[in-house]
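Residue numbers (the numbering used here): 25 to 285.
This is the structure we're talking about:
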């Protein structure tokens, strides 16, 4: 009789633990807030070309062509431009997946485009730089502070020696931007920690308020850039080194050479 009661008690306790585990997992999942991807945001406001407020060192990472080198329109990144990354991570004490998202608005750069015909333009030069030391987590973790991981970025990316990530676009001929989003696939070279690798970039772009908005992303393996993510040894979190880099560009056109006041 006592043995029967013990078996019943053990089964009940086991079921209770399973239920607590399910409820805990459900609470964890419910407590997460997935950061939304960048999207095109229509506006009626007219785009204006304003002096860049980016630090000179950031601007110097992507120097703009001089006016006598242009021969086309120079589209400059302005207010509202952002860049960042997404990474899949698993916490050892929870064993449930989470998507880490970090972003920064410390971005500078431009694209030089020349009209080819009535419906196409050529990207003659494109360069955008991101200040890595300013990356800030924007996702939400239940019972944790996602910003705790921000202290990891400077060491992992060696921002003292390599403060910027730089994307240089390859030459390409693309349709002229219009009021409807256009889907593009561009190629370029990405430099992180002094290592440069070819990348393929997917972009959706459209004209907005006299300027151009573009959202895009590219997939990279952090190991290709000698970036070591947490997950080795006794690390409490494991991060998948396959990252998604994403951006929102808000571009305004400067006059072509010979058209400036």
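Beta carbons are placed, not taken as given, at the ideal position from N, Cα and C, and that holds for glycine.
*asked:* For residue 184 and residue 127, what's the separation of their Cα atoms in angstroms?
replied: Taking the chain shown and counting its residues from 1, one reaches residue 184 at position 160. Taking the chain shown and counting its residues from 1, one reaches residue 127 at position 103. Distance between the alpha carbons of residue 184 and residue 127: 19 Å.
_Run of the beta strand (DSSP E) containing residue 121, from where it starts to where it stops_ = For the purposes of this step, residue 121 is taken as the residue at position 97 of the chain shown. Residue range 121-128 is occupied by the beta strand (DSSP E) that includes residue 121.
*Indicate whether the contact test is met: 3 or more Cβ pairs, each with one atom in the segment 214-226 and one in the segment 169-177, closer than 8 Å.*
no
*residue 190 bridges to which residues according to DSSP?*
Residue mapping note: residue 190 aligns to position 166 of the chain shown, counting from 1. For residue 190, which the question treats as bridged, DSSP gives the partners 153 and 215.
*Return helix, strand or coil for residue 222, following the three-state DSSP convention.*
As a first step, residue 222 must be located in the chain shown, where it is residue number 198. It is a strand residue.
*asked:* On a Cα-Cα basis, can you pick out the residue from 131, 193, 198 and 262 that is closest to residue 222?
replied: By 1-based counting over the chain shown, the position of residue 222 is 198. Closest by alpha carbon: 193.
*Taking residue 199 as the reference, give the member of 255, 140 and 233 with the closest Cα.*
For the purposes of this step, residue 199 is taken as residue 175 along the chain shown, with counting starting at 1. Cα-wise, what sits closest to residue 199 is 140.
_I need the straight-line Cα distance from residue 210 to residue 225, nearest angstrom please._
Against the chain shown, residue 210 aligns to sequence position 186. Against the chain shown, residue 225 aligns to sequence position 201. One C-alpha to the other measures close to 5 Å.
*Run through DSSP, which three-state label would residue 81 get?*
Within the chain shown, numbered from 1, the residue matching residue 81 stands at position 57. It is helical.
*Apart from the five residues just before and just after residue 271, which ones in its own chain have a Cβ nearer than 6 Å to its Cβ?*
Here residue 271 refers to the residue found at position 247 of the chain shown. Same-chain partners within the cutoff: 107 and 240.
*Could you give the DSSP three-state label for residue 176: helix, strand or coil?*
Here the question's residue 176 lines up with position 152 in the chain shown. In this structure, residue 176 counts as helix in the three-state DSSP scheme.
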